[in-house]
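J.: Protein chains in written order, with my numbering: chain A, 25 to 248; chain B, 426 to 739; chain C, -6 to 670. Ideal placement from N, C-alpha and C gives every residue a C-beta, glycine not left out. The structure under discussion is supplied below as structure tokens; questions concerning it will follow.
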């Protein structure tokens, strides 16, 4: 039961719930700059959770992961995205989903679904963080939902990055982190992805004069 | 018998202090906006003045129009009687649990909306229509938050809930955190504060609560205003006493009651200041943005519920 | 007199009233003097008989030497049947008080009073017999009697083409439903070796066949009760019948379907499975919220009430679904709570929906108006009807201390007990259903503020409404009876729940020990710590609070001055307000229509048409919103298309060539020979 746990373990659970909340906030947020801020907060929360898990499990390499997460997810990538949208001049655009309420409710159902799926897995584990497996899975799926429900490229990139946050969180929560090499590799991948996305934004905009991914349908060969 | 007397006194105190809380919120708001504020006793003077003024009633008003202020004030008074204010475990708290409490508010709202339509002006109907719409959307969010609370404390009786939370000590519960946030948003919508409604406006096209009471005057208006102030205080007391119950009197000794009173005053002052800050920072929303606001409240409450189920029990 | 005889008299009296009514065309006074009194006596007898079985907890099986030679009629009055018998009887009594005044309208009309009276008698008798039937044969017989006679009542004003269409739709769907019920009984009878309920109860069903029987039962009874998407007949048929018949159909006939469902799944199938409960909970939640949203969009008063019946059936089935989940997962006590909640809402809905339909009938008779957008100000013209209608509105909006609140509160309390369930997903899904229930309740309140506000408050919008006056004394008495029952069953829930203990005991062997453990004053469904509600104290408290404010008012007002003046309403200084400036029912529901827009396909077009008038200085602007039922598009049309496609395929064997037909016969013969070897 919750009240018998030490305070920092309670904090891990609370932070996990907050991470889930930021995912919902990303789903609901329609303006670009606040969306990037929420994303940065999510990165920070994930990083703090990692730090607490490191403290809880006594694995010191998790501290490095936490530090990496702060630098990359909470500071660098948001900064990069922020710079991008300012330079693209879309920092005041509204990129909302078509039916935000429906999307949020689907999100809630996804969480229940994740819980259903993750229940047998979490029963195998005895650690405090076993219950957060469902949450991290939900963060992944909510990121995917964001990819599906949003039409604008920037929102999709944020969705993708938040999906990656979910994967990272899952790794931390389920197995107390992946091997350092893998983690460094993924961090590097994300970094490269962020840069490449940035380059692509400019190219997409130059070639189809919009960042609306639905416009990419025109590239299809089939006639409509 | 002693307990009943104490409950009665608590209720009287509650009703007497409600205008003060409204005045306090207004005062902090004035400070924040660099205005000089009215005296803290101003709402009392307003009420007194309204009670002594003559009532001007529309020709088309029916008996329901006259009855409504009394029913609203009565239902709100009853609601105030079942909310643990300074002490828990009062006998009145068992009369109604938190769902019945919501029922009292619904009853008051039902009659207020009817009274809005009674005279047959466009404003009244407009206010009623909007009020009922917003209430309908706020209800699921409120219920999910209440459910979360009830699942944490395995009870819907307010004093049992508070006892449970006191007994558990300081526990960091994600569910309660989100339930608190959700309930605060619902409270803002239900009590008609910024950004959902503006209690200070009489701009025709934006008002909700004021549109329904437009035809009221004199003592009827006084009752309605007072009831609105009591309702605001009830929401405030619910939030501070359920989520931060520490300090509330658990037995009926004089010292415990005195401490309870002092603590609840302090907590309410903080909450009122927070409300004032929120009202100063935010602008009133368009009516059709309100659903998004309430969906946010519902999402918060749902996250609270789900995190209780996933993280706290499983 | 023995129960056997009493029951026979109760069932025959309505028939007798129908027979007497056959002569009413020549002597209309018969309706007042004999037909309705006979119905009333039958109603009272049903209340007595049912109440006795309910309170004593006895079950008596009676066999009448009627029907098939090898299968005599089995009738059984057990507490469940008693509960519904009393319910039907009470509403029939109220209707028989209301009826004489109401049917005067038809005395000089084109339609025959005899037809109305005759089929009313058959209808009531059929309903009473359904709930006491104890074998499949007499059940189906009574069921068909009820369905067919109500068809004639729906099509009573048949000169209107829309009514004929509604009647046909009703008949079609009632028969499809009856067919599935028959199949469901067939499954049970196949395993149980006999058509009597006793044999079916003992039937050793495999889980798969039990599920099939359950699905057939949900379909058949759900069609009669009006579960979405099988509700389509309901908003068409209920409004077109004469109002006192609408009251019987909405208030009681739907309850007979609920009875059938409870009897079929809880009693005959027995061992409920929790997954059935989940399926039912989902359907019921959709039904509830769908019904109320569509009710909000209506401006025909009786149609609105019919959609609201759909909503309330949803609430009842939410309770039943919860009950099944808890029974199926091994929490019989909580399952019983859900069942009690459902039964309580059945009671509440029967009372307040009949009341509202009778009120609507009184309004219809006096103002000849069914359209809310043309009413207004009726409270001053019909003060008593207005008062009783208000009671109905408060009850149906689930506001304390009336009865609708008690049943919703019990349903919430049932849903709140999810932490005891083992499955985490159920723990997460049930609160969602409860949130839907909360939304439904609040929308229902909005809906009935709209109804009362536009019909009874404000100013009259048409001359006919302005000239209307109070309904007759009998009509008021019928409404008063129901209104009083609404209030009493709201204030004394513990007594009603005590009475229901026998129903649940006979049905599942369980009672709620804690519900009334702290005396009649306190309703504590699980335990006093978990939740408590004291309706009598709330009522007294309400009165005291009113008194308190009156005292405050007395203290604070200055002495010796008359302080009320009447004046014009505030008109922004522009000149007199007219009745047409008021918010109509359509404008009242506009925000909700906009928020839930995807539910009403096509409504946006209607609005656009209204805007593009001829030129900017149009002399007359019409604004009309049509909100068709979306299930026609999403459910019925695909079904019909599928049916058409299938029949087209089947019709291919109809080649018209004689030798082909002979060939079919030949092949069939060969097949049969092969089969029997």
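(1) Could you pull out every residue in the same chain whose Cβ sits closer than 6 Å to the Cβ of residue 564(C), ignoring the five residues on either side in sequence?
(2) Please confirm if residue 268(C) has its CB atom under 9 Å from at least one CB of chain B.
(3) Would you decide whether residue 657(C) is buried or exposed? Buried here means 16 or more other CB atoms lie within 10 Å of its CB.
(4) Considering Cα atoms alone, identify which of 472(B), 488(B), 438(B), 476(B) is closest to residue 376(C).
(5) Using 10 angstroms around the beta-carbon of residue 548(C), count the other beta-carbons present and answer buried if the total reaches 16, otherwise exposed.
(6) Round the Cβ separation of residue 556(B) and residue 619(B) to the nearest angstrom and send it over; I've been treating them as touching at under 8 Å.
(7) For residue 71(C), does the three-state DSSP call read helix, strand or coil?
(8) Look up residue 480(B) in the DSSP assignment and say whether it is helix, strand or coil.
(9) Does chain C have any CB closer than 9 Å to the CB of residue 582(B)?
(10) Between residue 232(C) and chain A, is the shortest Cβ-Cβ distance under 9 Å, so that the two count as touching?
(11) For my contact list, residue 247(C) and residue 121(C) are in at a C-beta cut-off of 8 Å; report their separation, rounded to the angstrom.
(12) Starting from residue 635(C), trace the alpha helix (DSSP H) in both directions and tell me its first and last residue.
(13) So is residue 220(A) buried or exposed if we call it buried at 16+ other beta carbons inside 10 Å?
(14) Name the chain C residues whose beta carbon is nearer than 8 Å to that of residue 529(B)?
(15) Which value, in whole angstroms, describes the spacing of the CA atoms of residue 202(A) and residue 145(A)?
(16) For residue 113(C), which option in 72(C), 363(C), 8(C), 537(C) has the closest C-alpha, if you only look at C-alpha atoms?
(17) Output yes or no for whether 9 Å exceeds the beta carbon distance between residue 627(B) and residue 635(B).
(18) Check whether the region 361 to 371 of chain C and the region 478 to 485 of chain C touch, using three or more Cβ-Cβ pairs below 8 Å as the test.
(19) Give me the DSSP bridge partner(s) of residue 526(C).
(20) So, at 6 Å on beta carbons, what are the nonlocal neighbours of residue 498(C) in its own chain, with the 5 sequence-adjacent residues on each side left out?
(21) Taking residue 427(C) as the query, report the chain A residues whose CB atoms sit under 8 Å from its CB, ordered along the chain.
(22) Are the C-beta of residue 333(C) and some C-beta of chain B separated by less than 9 Å?
(23) Go ahead and label residue 451(B) buried or exposed: buried means 16 or more other beta carbons lie within 10 angstroms of its beta carbon, across all protein chains shown.
(24) Going by DSSP, name the residue or residues bridged to residue 60(C).
(25) Using DSSP with H/G/I as helix, E/B as strand and the rest coil, what is residue 724(B)?
(26) Can you tell me where the beta strand (DSSP E) with residue 560(C) in it begins and where it stops?
(27) Just curious, the alpha helix (DSSP H) that residue 232(C) is in, first and last residue?
(28) Report yes or no: is there a C-beta of chain C within less than 9 Å of the C-beta of residue 471(B)?
(29) Show which residues of chain B have a CB atom less than 9 Å away from the CB atom of residue 417(C).
(30) Please classify residue 118(A): does DSSP put it in a helix, a strand, or coil?
(31) Using 9 Å as the limit for Cβ to Cβ distance, is residue 130(A) near chain B?
(32) Find out if the Cβ-Cβ distance for the pair residue 666(B), residue 588(B) is shorter than 9 Å.
(33) Taking a Cβ distance cut-off of 7 Å, strictly less, list which residues of the region 116 to 127 of chain A are near chain B, in chain order.
(34) What are the residues in the region 37 to 61 of chain A lying within 8 Å of chain B by C-beta distance?
(35) With a threshold of 7 Å on Cβ separation, who are the neighbours of residue 609(B) within its own chain once the five nearest residues in sequence on each side are excluded?
(36) Starting from residue 31(A), find everything on chain B with Cβ-Cβ shorter than 7 Å and list it in chain order.
T.: This is what the structure gives:
(1) Here residue 564(C) refers to the residue found at position 571 of the third chain. Cβ neighbours of residue 564(C) beyond the five flanking positions: 570.
(2) Here the question's residue 268(C) lines up with position 275 in the third chain. Cβ-Cβ to chain B under 9 Å: no for residue 268(C).
(3) As a first step, residue 657(C) is located in the third chain; it is residue number 664 there, counting from the start. When all chains shown are included, residue 657(C) counts as exposed.
(4) Reading the third chain from its first residue, position 383 is the one you call residue 376(C). Ranking the options by Cα distance to residue 376(C), first place goes to 488(B).
(5) As a working note, residue 548(C) is residue 555 in the third chain. Classification for residue 548(C): exposed.
(6) Counting from one through the second chain, the residue named residue 556(B) turns up at place 131. Counting from one through the second chain, the residue named residue 619(B) turns up at place 194. About 16 Å; that fails the 8 Å criterion.
(7) On the third chain, position 78 is the one that residue 71(C) refers to. Reduced to three states, the DSSP call for residue 71(C) is coil.
(8) Walking along the second chain from the start, residue 480(B) turns up at place 55. Of the three classes helix, strand and coil, the one that applies to residue 480(B) here is strand, per DSSP.
(9) As a working mapping, residue 582(B) is identified with position 157 in the second chain. Closer than 9 Å: yes.
(10) For this step, residue 232(C) is matched to residue 239 along the third chain. No, no contact with chain A.
(11) The residue you call residue 247(C) lines up with position 254 of the third chain. The residue you call residue 121(C) lines up with position 128 of the third chain. That belief does not hold up - the Cβ atoms of residue 247(C) and residue 121(C) are roughly 15 Å apart, past 8 Å.
(12) Taking the third chain and counting its residues from 1, the one referred to as residue 635(C) is at position 642. Run containing residue 635(C): 630 to 644, per the alpha helix (DSSP H) assignment.
(13) Mapped onto the first chain, residue 220(A) falls at position 196. Exposed is the call here.
(14) The count along the second chain starts at 1 and reaches residue 529(B) at position 104. Under the 8 Å cutoff, chain C gives 393.
(15) Within the first chain, residue 202(A) is the residue found at index 178, counting from 1. Within the first chain, residue 145(A) is the residue found at index 121, counting from 1. Each residue's alpha carbon lies about 17 Å from the other.
(16) Residue 113(C) sits at position 120 when you count from the first residue of the third chain. When each option's Cα is compared against that of residue 113(C), the closest is 8(C).
(17) If you number the second chain from 1, residue 627(B) lands on position 202. If you number the second chain from 1, residue 635(B) lands on position 210. Yes, the Cβ-Cβ distance between residue 627(B) and residue 635(B) is below 9 Å.
(18) no
(19) Within the third chain, the letter at position 533 stands for residue 526(C). For residue 526(C), which the question treats as bridged, DSSP gives the partners 516(C).
(20) The residue given as residue 498(C) occupies position 505 in the third chain. Excluding residues within five positions, the ones whose Cβ falls inside 6 Å are 504.
(21) Residue numbering aside, residue 427(C) sits at position 434 when the third chain is read from its first letter. Near residue 427(C) there are no residues of chain A at all, since even the closest Cβ is about 14 Å away, more than 8 Å.
(22) Stepping through the third chain from its first residue, residue 333(C) is reached at position 340. No, because no Cβ of chain B sits closer than 9 Å to the Cβ of residue 333(C).
(23) Taking the second chain and counting its residues from 1, one reaches residue 451(B) at position 26. Looking at its Cβ environment, which holds 16 or more other Cβ atoms inside 10 Å, residue 451(B) is buried.
(24) By one-based count along the third chain, residue 60(C) stands at place 67. DSSP output for residue 60(C) lists 65(C) as bridge partner(s).
(25) Locating residue 724(B) in the second chain gives position 299, where the first residue counts as 1. Correct three-state label for residue 724(B): helix.
(26) Within the third chain, residue 560(C) is the residue found at index 567, counting from 1. 557 to 560 is the extent of the beta strand (DSSP E) around residue 560(C).
(27) The residue given as residue 232(C) occupies position 239 in the third chain. Looking at the DSSP string, the run of the alpha helix (DSSP H) that includes residue 232(C) is 227 to 233.
(28) The residue you call residue 471(B) lines up with position 46 of the second chain. So, not an interface residue.
(29) Residue mapping note: residue 417(C) aligns to position 424 of the third chain, counting from 1. The contacting residues are 734, 735, 738, 739.
(30) On the first chain, position 94 is the one that residue 118(A) refers to. In this structure, residue 118(A) counts as strand in the three-state DSSP scheme.
(31) The residue given as residue 130(A) occupies position 106 in the first chain. It does not; no Cβ of chain B falls within 9 Å.
(32) Indexing the second chain from 1 puts residue 666(B) at position 241. Indexing the second chain from 1 puts residue 588(B) at position 163. No, the Cβ-Cβ distance between residue 666(B) and residue 588(B) is not below 9 Å.
(33) 124, 125
(34) 37, 38, 40, 41, 42, 44, 45, 48, 52
(35) The residue given as residue 609(B) occupies position 184 in the second chain. Closer than 7 Å at the Cβ level, and outside the excluded window around residue 609(B), lie 664.
(36) Translated into positions along the first chain, residue 31(A) becomes position 7. What residue 31(A) touches in chain B: 597.
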